[in-house]
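Chemist: Residue numbers (our numbering), protein chains in the order written: chain E, 135 to 588; chain V, 135 to 588; chain L, 135 to 588; chain C, 135 to 588. I am attaching a structure below and will ask some questions about it afterwards.
There are 4 protein chains.
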Amino acid sequence: MPARLIESLATTEPLADLFSDQSDLQAMLDFEAALAGAEARTGVIPEAAAKVIRNVAKADTFDTATLAADILRAGTPGIPLVKILTDQVRTKNAEAARYVHWGATSQDAADTALVLLLKQAQPILSTDLMRLERALKQLSQDNKDTVMLGRTLMQAAPPVTLGLKAAAWFASIHRSKDDLNAAFARTLIIQFGGASGTLASLGKKGMEVARALADELKLSCPDAPWHTQRDRLANLMCACGVLTGSLGKMACDISLMMQNEVAEAAEPGGDGRGGSSTMPHKRNPIGCSLTLAAAQRVPGLVASFLSGMVQEHERGVGGWQAEWPIVAAVIQATGVAAASMAEVAEGFTVDKARMRSNIEATHGAIFSERASMLLGAKLGRDVAHKILREAAKKSSRQKRRLSEVLAEIPEVTSQLDRATLRGLETPEEYLGSAEVFRKALLSSKSSKTKKKEQ
Amino acid sequence: MPARLIESLATTEPLADLFSDQSDLQAMLDFEAALAGAEARTGVIPEAAAKVIRNVAKADTFDTATLAADILRAGTPGIPLVKILTDQVRTKNAEAARYVHWGATSQDAADTALVLLLKQAQPILSTDLMRLERALKQLSQDNKDTVMLGRTLMQAAPPVTLGLKAAAWFASIHRSKDDLNAAFARTLIIQFGGASGTLASLGKKGMEVARALADELKLSCPDAPWHTQRDRLANLMCACGVLTGSLGKMACDISLMMQNEVAEAAEPGGDGRGGSSTMPHKRNPIGCSLTLAAAQRVPGLVASFLSGMVQEHERGVGGWQAEWPIVAAVIQATGVAAASMAEVAEGFTVDKARMRSNIEATHGAIFSERASMLLGAKLGRDVAHKILREAAKKSSRQKRRLSEVLAEIPEVTSQLDRATLRGLETPEEYLGSAEVFRKALLSSKSSKTKKKEQ
Amino acid sequence: MPARLIESLATTEPLADLFSDQSDLQAMLDFEAALAGAEARTGVIPEAAAKVIRNVAKADTFDTATLAADILRAGTPGIPLVKILTDQVRTKNAEAARYVHWGATSQDAADTALVLLLKQAQPILSTDLMRLERALKQLSQDNKDTVMLGRTLMQAAPPVTLGLKAAAWFASIHRSKDDLNAAFARTLIIQFGGASGTLASLGKKGMEVARALADELKLSCPDAPWHTQRDRLANLMCACGVLTGSLGKMACDISLMMQNEVAEAAEPGGDGRGGSSTMPHKRNPIGCSLTLAAAQRVPGLVASFLSGMVQEHERGVGGWQAEWPIVAAVIQATGVAAASMAEVAEGFTVDKARMRSNIEATHGAIFSERASMLLGAKLGRDVAHKILREAAKKSSRQKRRLSEVLAEIPEVTSQLDRATLRGLETPEEYLGSAEVFRKALLSSKSSKTKKKEQ
Amino acid sequence: MPARLIESLATTEPLADLFSDQSDLQAMLDFEAALAGAEARTGVIPEAAAKVIRNVAKADTFDTATLAADILRAGTPGIPLVKILTDQVRTKNAEAARYVHWGATSQDAADTALVLLLKQAQPILSTDLMRLERALKQLSQDNKDTVMLGRTLMQAAPPVTLGLKAAAWFASIHRSKDDLNAAFARTLIIQFGGASGTLASLGKKGMEVARALADELKLSCPDAPWHTQRDRLANLMCACGVLTGSLGKMACDISLMMQNEVAEAAEPGGDGRGGSSTMPHKRNPIGCSLTLAAAQRVPGLVASFLSGMVQEHERGVGGWQAEWPIVAAVIQATGVAAASMAEVAEGFTVDKARMRSNIEATHGAIFSERASMLLGAKLGRDVAHKILREAAKKSSRQKRRLSEVLAEIPEVTSQLDRATLRGLETPEEYLGSAEVFRKALLSSKSSKTKKKEQ
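Written as structure tokens, this is what we have:
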């Protein structure tokens, strides 16, 4: 396992492996092997040469440390790689060495290798997102009747259900997941353009070789090379950005619910998870903190990618060279967030009683809107608002239920009967369309899916 | 016209108007008017009250300066607005004043108002983008045979055609435009949730009123309120970010082509455009500079929006309050970039002769790849590479054509005949798949359009 | 008052005024007037001409709306301004019109005007920061003995004092304020370089005129023009970024303390502040939300500025044009944050009893570290940690004090006597160096001040 | 050498080593060893225990891969580290194991370890920056008389000297270097606060131990712990951001000068540097591209750090956890930029003849300002501007010298004599204060240095 302590909170293990030296290098070699294969199939180079190249293109025989140093010196990954590969092929077969990297440019190898890594990243992310969606649906279903405080600007507000809250998390993550998959689909294409993006050195055979190459690599073949048109990758980065934002919102809510003073829910603990070196009692919001850290880091990375889109002519001076670490960091951060939230959602524990007692601790204040509406229908919104403001203050000051205070105000009792006042503070009776919304959110399809059906 | 000198390079006039005080205020009032209308239609409030509210909800009778100060004090646009509106309605009809903003929360007004502004922004952006696409298609068509230097890392590379270059600009902008429109479509929905997002104060009538409200405003009605799920807006910001990046890439290429030493093309001049206060002769890349400025600013704004997505519970503390100026700035910057590039593309002038002479000035060096491939086929890529490197140096040092230098090397002449060597440096003969790619790019449909057809 | 509803949460009124059209325009005219004055003083132009120019350079006679449109067209503020000014001067005196903007370039006017605005911004920011510092010192002093929960990862931790917490807010803001002032000092310099930054058109008189110009404007005169060296402005933007981050941290803490379930403190209310349109009882963290919104927006703006520093040769294509709205937005956002936190700190109310009861509600769990250390000294940190983890769980499960639970464990009672166990949970006895740190923080001088003293 | 292909363009080798697993781990162990030492010195733990701990705290005996996985699980680096270290110490001496990490919290270890790494980073960066400054001073000195085109908006403008240009690069980098060193100085402090930042478990001995710890680590001891006050680190990140921006500006200028059509200068080539896999003749701006890539990436990272400053109470949930990879990436990117520009500056080659011929290729157009000023003194700036605009157009159209065209215009010849017109286009005679500015820039001291002298 490739460890990087400095990034230990910034990636999951599979995604650390994915962007490890062995993996990166193999992806570039896979490009070279597939190129040779495609060119042999289309009669551009001898099949025998292709065979040798394919056999040699194995990452474990290369020294990645030296390669990294050469890459920094060359300013591009492709050139040193091709040099080393050619040298290795030559030791097997001098003739074959002639055909290494035939007609391609170094960016072709680097970009396509990046795409190959992204292709492997997609199922890793998808799996966690599906776990998360499943768990959130279940959580929402299980808690459709679980009332809890609404909170606006972190202040108590009329009640919601945990079911609705979870459904809202679900729906935003679901939309972003669909966008992410669409962005992946668009990005999983070969880059193959040769020196200037015309495949000039392949004469009229450019498109034929390109299609064969895409076929070898099980990637799509785009209309044309995209060496300095980075919108597809940018789109993928953005999709990660939006998804991580939605995951961060969920993590934020949960970490707030886990505060000792709130204590409505907790993410799973377990060995080695969320303890404290000094406070043996603590159960920390570890999954939330990792997700929030990702949501903190990804926006700046997205900005870097977007500003790097301004790439000069047929190969950029800086914009392109900046991309690799950005893409890796964004995918890894998104992966940590997705995996963490999946784990949190699957082991999420809820304290329904505490949710209810947190409502009760507001002494009915959160139902002042309700009282205000009821009174407003009789006395006007404005007048009612004033009465309620005073009553709410009194209730808060005296720590008595709002309904009790209201029952002492003649303007109120002349309009609302005792039963109404008594029922005023039953959370279940003041949920409005919560369940309607919850169901709609859970069954919502992303815009993409909807469109298909029309 | 609302001027803001400090932002005079950051917005076009229609988009400055769009986010002016009158326009913002009217959008919020339109929400309140439509809400009253919808609630009258659904029997929630009296039609008479709705009529008064609708009549009063006209921006020109409000003092926006006072309102702005009140908003800062209140920390939200909706509360002061509703207060002032209620006061104004009361002067007409005390009864009607009871029903202003019935069942809604201040965020409902602010968010839906923002959406109403975005709805007006879309056609402004679309018009310029369509002008741009049309001009780029024409430019590409007109220059399918116009050869020019390819340039990688800003160094001369094998030739491309201006037609291909313009087609690549077109295709990336086209993809992003489609994404932008899809993002708009998804965003043009009402926000209506009441205090906690359950529409509790409307009892069971929440969805009915919501649908009527959406209908009144000619917006769509979402599955549920989205008060702290900002992914749709985030998605729109990102679409603007990617589009502006693609526009910036085009602007970058053109500004490089406009350098005196390159002089291959120019954006249109004309009165008041691009002169210099000190240098009367200059024709500056004004449209490009405005577009590049937008491409510089938007990524940071996108990052701010994305990091602001982490909004607490049912209304955020900071994340939400940060959104308005970000959204306005992103839309305006995108608009400046689109309008500028449309103007640039429509009046773009090309100096084909200079393009050719810039190729010739390289003394054939850019065809060394070609020579390398031809020789490589006989001697191997590696050996050929070395020969060519030496020949290229000699050609450059002696300022003689590469083909002349090659014609003096026995290893070369033994493999390539005179005719081949002579034809080596004809750009038209070394364009590979340029025209194939160009056509594919121009006829390319975005992934979205493609999907529909399947 | 120049209102901009869309930015009503993003600026205070004085800073809105500062970047208003009148103000921006006057700053540019001030440059032109001072330039004429300086050139008259140095004998470059006739004093009579300078007099006319100074008289005409009054913002209120200009049409800023037309000017804004011309600026967008010209791509730079200076050229249209100079044209209009020259026209106006000519109507007074044709001879004087010859000398408008003599030897300067449009960027000189625009950059120096921006600096003049920044000069006015500094005291506005400083005043609020000094209010804030004073209030925080007082708050810290008043609460040096006020114990409250420490909270790590938003979980209860050993106690701190509010005095220490406020001192830490103070010290970080104090450091950043000093940096901000240092950054201002460095930035308050004229920009004056002429077309290419050599003042060529002034012959050998460049420096003399530059010094006179600086003198007229009460700005410093730099070593050389800084047309494409934007590090000083960047430094100022960064200082705002760091300061806003520190203000945001304070706002975050307070908004968390204001949660109903925590209820340890509140920012001031008052008319029009922090109410809710639907919930009459609420007292919202308005100042915190505005500050957090600023802390959300500024980092992206800083990133935009930094990436825009890469400006080409002697005047940038995009980087420079992007600056004005970024600088205005950063200064305004910093100003909102500073003013909001000053108001919050000055009217901050503290509920000491609630702070104590929140400590008690943890049943002593937060003293488990303490117990762990005491036991650790006897049994080893590791063994103690395990005992405490079990005891803490039991205490939490049974809602009994940790000390009670511990008193039942033989390994504990064999090491710690009754008195020790009883005193274990007195917050005042477990504050370590809190007061030492608090005093050091309050008396801390910024690194800059320290250096001077050495 | 720790390779990371995906980041091979994003770090130099020494800075890759610096943030390698061995190095990170050793820094954390150094903290633990020094803590034990400091506590032994102050009588808090037995010297014998400290001795064992110090002996065991050697990175090479730990399995970093397992540790990284444990860290992700724990959500913090300190806890798993302490666990493993304690286990190892116990195998040597059970008694000593009791005293591992005594009184500290996991953040203390992680933060101080990061600071220890930064301390090692400083000389690496400084060395390259000093190389760069030296080379730029020399370059400026050597080229004080080398005239070249000024370029504004990438269009030809009046001449500058390469000496002035290099001096401007030097001065901005020099200012930023000083800021960077000041930021380092401020950051090189221990973090030591225990669970809540009060060092409660050390009783009254907190400050004494803290000072001893700082002493052991050769770091400074701050006024108080800074667990959630991250302004010092933020300041360092910003200093890197501004410096990288200045380096990027230099790289941008050079890459533009290296264009084939401009060809005025080149960065050094050499084996493995800047070749092309397909174009043997190319000499690519490799150092520039790496620097520009850094300047592209750093601003977004700075934004992430700044927005992460908003950390909750006594330990953040997300903001803190995001920091490590950001800090590493920023330092490494700054290092690549500094090293690249040092190499570029040291091997920079200049083509003075080409610089002059590029001036001549403008046919005198860049002297139109000069002519305009000369004529303006007689006819007024405005009239002169118009004459020159026409003359410049004619000169450009007919590819004749501007002075020739002017010599045909009676309004001109009536004011300017033949000699004046002939001398008009001598670059050396139109450099204004270039040399004054150049000298001032080279001898400029940073604001900090100046202040000390006062």
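All C-beta atoms, glycine included, are put in the ideal place defined by N, C-alpha and C.
Using beta carbons (cut-off 7 Å, strictly below), is GLU395 of chain V in contact with chain C?
Modeler: On the second sequence, residue 395 of chain V is found 261 positions in, with the first residue counted as 1. Yes, GLU395 of chain V lies at the interface with chain C (some Cβ there is under 7 Å from its Cβ).
Chemist: Taking LEU336 of chain L as the query, report the chain C residues whose CB atoms sit under 9 Å from its CB, ordered along the chain.
Modeler: On the third sequence, position 202 is the one that residue 336 of chain L refers to. Under the 9 Å cutoff, chain C gives MET507, GLY566, SER567.
Chemist: Is ALA300 of chain L closer than 7 Å to SER274 of chain L when the C-beta atoms are compared?
Modeler: Position 140 of the third sequence holds residue 274 of chain L. Position 166 of the third sequence holds residue 300 of chain L. Yes. Within cutoff.
Chemist: According to DSSP, is PRO402 of chain E helix, strand or coil?
Modeler: Within the first sequence, numbered from 1, the residue matching residue 402 of chain E stands at position 268. Three-state result, PRO402 of chain E: coil.
Chemist: Does LYS527 of chain C come within less than 7 Å of chain L when only Cβ atoms are used?
Modeler: Taking the first residue of the fourth sequence as 1, we reach residue 527 of chain C at position 393. No, LYS527 of chain C lies away from the interface with chain L (no Cβ there is under 7 Å from its Cβ).
Chemist: At a Cβ threshold of 7 Å, is LEU576 of chain L touching chain E?
Modeler: Walking along the third sequence from the start, residue 576 of chain L turns up at place 442. Taking Cβ atoms only, chain E never reaches closer than 7 Å to LEU576 of chain L, which makes this a no.
Chemist: Could you pull out every residue in the same chain whose Cβ sits closer than 7 Å to the Cβ of LYS185 of chain V, ignoring the five residues on either side in sequence?
Modeler: The residue you call residue 185 of chain V lines up with position 51 of the second sequence. If we look at LYS185 of chain V and ignore the five residues flanking it on each side, it has no Cβ neighbours.
Chemist: By how many angstroms is the C-alpha of GLU563 of chain V removed from the C-alpha of ALA397 of chain V?
Modeler: For the purposes of this step, residue 397 of chain V is taken as the residue at position 263 of the second sequence. For the purposes of this step, residue 563 of chain V is taken as the residue at position 429 of the second sequence. If you take the alpha carbons of ALA397 of chain V and GLU563 of chain V, they lie about 24 Å apart.
Chemist: Have a look at ALA228 of chain C and ARG285 of chain L and give me their C-alpha separation to the nearest angstrom.
Modeler: In the fourth sequence, counting from the first residue as 1, residue 228 of chain C sits at position 94. In the third sequence, counting from the first residue as 1, residue 285 of chain L sits at position 151. Distance between the alpha carbons of ALA228 of chain C and ARG285 of chain L is about 32 Å.
Chemist: Within the chosen definition, does the region 171-185 of chain L reach the region 204-213 of chain L through at least 3 CB pairs nearer than 8 Å?
Modeler: Touching, no.
Chemist: What does SER441 of chain E reach in chain L if we use C-beta pairs closer than 7 Å?
Modeler: The count along the first sequence starts at 1 and reaches residue 441 of chain E at position 307. Here the neighbours are SER441.
Chemist: Which residues in chain C sit within 9 Å of PRO419 of chain V, going by Cβ to Cβ distance?
Modeler: Stepping through the second sequence from its first residue, residue 419 of chain V is reached at position 285. Neighbours of PRO419 of chain V on chain C, chain order: LEU287, MET288, GLN289.
Chemist: Residue ranges of each alpha helix (DSSP H) run of no fewer than 4 residues wholly in the region 425-504 of chain V, ordered along the chain?
Modeler: Segments of the alpha helix (DSSP H) lying fully in the region 425-504 of chain V: 457-480, 486-494.
Chemist: When we look at the beta-carbon of ASP155 of chain E and count the other beta-carbons within 10 Å, is it buried (16 or more) or exposed?
Modeler: In the first sequence, counting from the first residue as 1, residue 155 of chain E sits at position 21. With 16 or more other Cβ atoms within 10 Å, it is buried.
Chemist: Given that MET162 of chain E touches chain V, what residues does it touch there, using C-beta distances under 7 Å?
Modeler: One-based indexing of the first sequence puts residue 162 of chain E at position 28. Correct list: empty, because the minimum Cβ distance to chain V is about 17 Å.
Chemist: With distance defined between alpha-carbon atoms, name the residue in C:THR378, C:GLY421, C:LEU336, C:GLY327 nearest to CYS355 of chain C.
Modeler: Locating residue 355 of chain C in the fourth sequence gives position 221, counting from the first residue. Of the candidates C:THR378, C:GLY421, C:LEU336, C:GLY327, the one whose C-alpha sits nearest the C-alpha of CYS355 of chain C is C:GLY327.
Chemist: According to a CB-to-CB cut-off of less than 8 Å, which residues of the region 345-378 of chain L neighbour chain V?
Modeler: Cβ contacts with chain V: none found.
Chemist: DSSP state of LEU576 of chain C, grouped into three classes?
Modeler: Working through the fourth sequence from its first residue, we reach residue 576 of chain C at position 442. Here LEU576 of chain C sits in helix by DSSP.
Chemist: Would you say ASP158 of chain L reaches chain V, if we count a Cβ-Cβ gap shorter than 7 Å as a contact?
Modeler: Counted from its first residue, the third sequence places residue 158 of chain L at position 24. Yes - at least one Cβ of chain V is within 7 Å of the one on ASP158 of chain L.
Chemist: Is it true that the CB of ALA511 of chain E sits closer than 7 Å to the CB of ALA471 of chain E?
Modeler: Translated into positions along the first sequence, residue 471 of chain E becomes position 337. Translated into positions along the first sequence, residue 511 of chain E becomes position 377. For ALA471 of chain E and ALA511 of chain E, no; Cβs fall outside 7 Å.
Chemist: Relative to the C-alpha of ALA518 of chain E, which candidate in E:ARG407, E:VAL546, E:LEU351, E:GLU342 has its C-alpha closest?
Modeler: As a position in the first sequence, residue 518 of chain E is number 384, starting the count at 1. For the residues E:ARG407, E:VAL546, E:LEU351, E:GLU342, the minimum Cα distance to ALA518 of chain E belongs to E:VAL546.
Chemist: At what residues does the beta strand (DSSP E) containing GLN289 of chain C begin and finish?
Modeler: The sequence position of residue 289 of chain C within the fourth sequence is 155, counting from 1. First-last of the beta strand (DSSP E) with GLN289 of chain C: 289-295.
Chemist: Closest Cβ-Cβ distance between ASP245 of chain C and chain L: below 7 Å?
Modeler: Within the fourth sequence, residue 245 of chain C is the residue found at index 111, counting from 1. Taking Cβ atoms only, chain L never reaches closer than 7 Å to ASP245 of chain C, which makes this a no.
Chemist: Can you look up SER330 of chain C in the DSSP assignment and give me helix, strand or coil?
Modeler: Against the fourth sequence, residue 330 of chain C aligns to sequence position 196. Reduced to three states, the DSSP call for SER330 of chain C is coil.
Chemist: Return no unless some Cβ of chain V is closer than 7 Å to the Cβ of PHE153 of chain L.
Modeler: As a first step, residue 153 of chain L must be located in the third sequence, where it is residue number 19. PHE153 of chain L counts as touching chain V.
Chemist: Are there 16 or more other CB atoms within 10 angstroms of the CB of LYS338 of chain E, so buried, or fewer, so exposed?
Modeler: Residue numbering aside, residue 338 of chain E sits at position 204 when the first sequence is read from its first letter. Exposed, since its Cβ has fewer than 16 Cβ neighbours within 10 Å.
Chemist: Nearest-angstrom Cα distance between LYS486 of chain L and ARG265 of chain L?
Modeler: In the third sequence, residue 486 of chain L corresponds to position 352, counting from 1. In the third sequence, residue 265 of chain L corresponds to position 131, counting from 1. Near 24 Å, if we compare the C-alpha coordinates of ARG265 of chain L and LYS486 of chain L.
Chemist: Take ARG417 of chain E as the anchor and find which of L:LYS527, L:VAL451, L:LEU435, L:ALA467 has the nearest alpha-carbon.
Modeler: Here residue 417 of chain E is taken as the residue at index 283 of the first sequence, counted from 1. For ARG417 of chain E, the nearest C-alpha among the options comes from L:LYS527.
Chemist: What are the boundary residues of the alpha helix (DSSP H) that includes LEU248 of chain V?
Modeler: As a first step, residue 248 of chain V is located in the second sequence; it is residue number 114 there, counting from the start. Note, LEU248 of chain V: alpha helix (DSSP H), 240-276.
Chemist: Counting only Cβ pairs nearer than 8 Å, list the residues of chain V close to MET392 of chain C.
Modeler: Position 258 of the fourth sequence holds residue 392 of chain C. Those within 8 Å of MET392 of chain C in chain V are MET288, GLN289.
Chemist: Buried or exposed, going by whether 16 or more other CB atoms sit within 10 Å of the CB of SER548 of chain V?
Modeler: Indexing the second sequence from 1 puts residue 548 of chain V at position 414. Exposed, by the Cβ-count rule.
Chemist: In the DSSP assignment, find the beta strand (DSSP E) that holds VAL216 of chain E and state where it starts and stops.
Modeler: Mapped onto the first sequence, residue 216 of chain E falls at position 82. Run containing VAL216 of chain E: none in the beta strand (DSSP E); it sits in the alpha helix (DSSP H), 212-226.
Chemist: Assuming THR286 of chain E is part of the beta strand (DSSP E), what are its boundary residues?
Modeler: Your numbering for residue 286 of chain E matches position 152 in the first sequence. Start and end: 281-286.
Chemist: Can you pull the chain E residues whose beta carbon is under 9 Å from the beta carbon of MET341 of chain V, in chain order?
Modeler: Residue mapping note: residue 341 of chain V aligns to position 207 of the second sequence, counting from 1. Correct list: SER567, VAL570, PHE571, ALA574.
Chemist: In the structure shown, what three-state DSSP assignment does SER567 of chain C receive?
Modeler: Counting from 1 along the fourth sequence, the entry for residue 567 of chain C is found at position 433. Coil, per DSSP.
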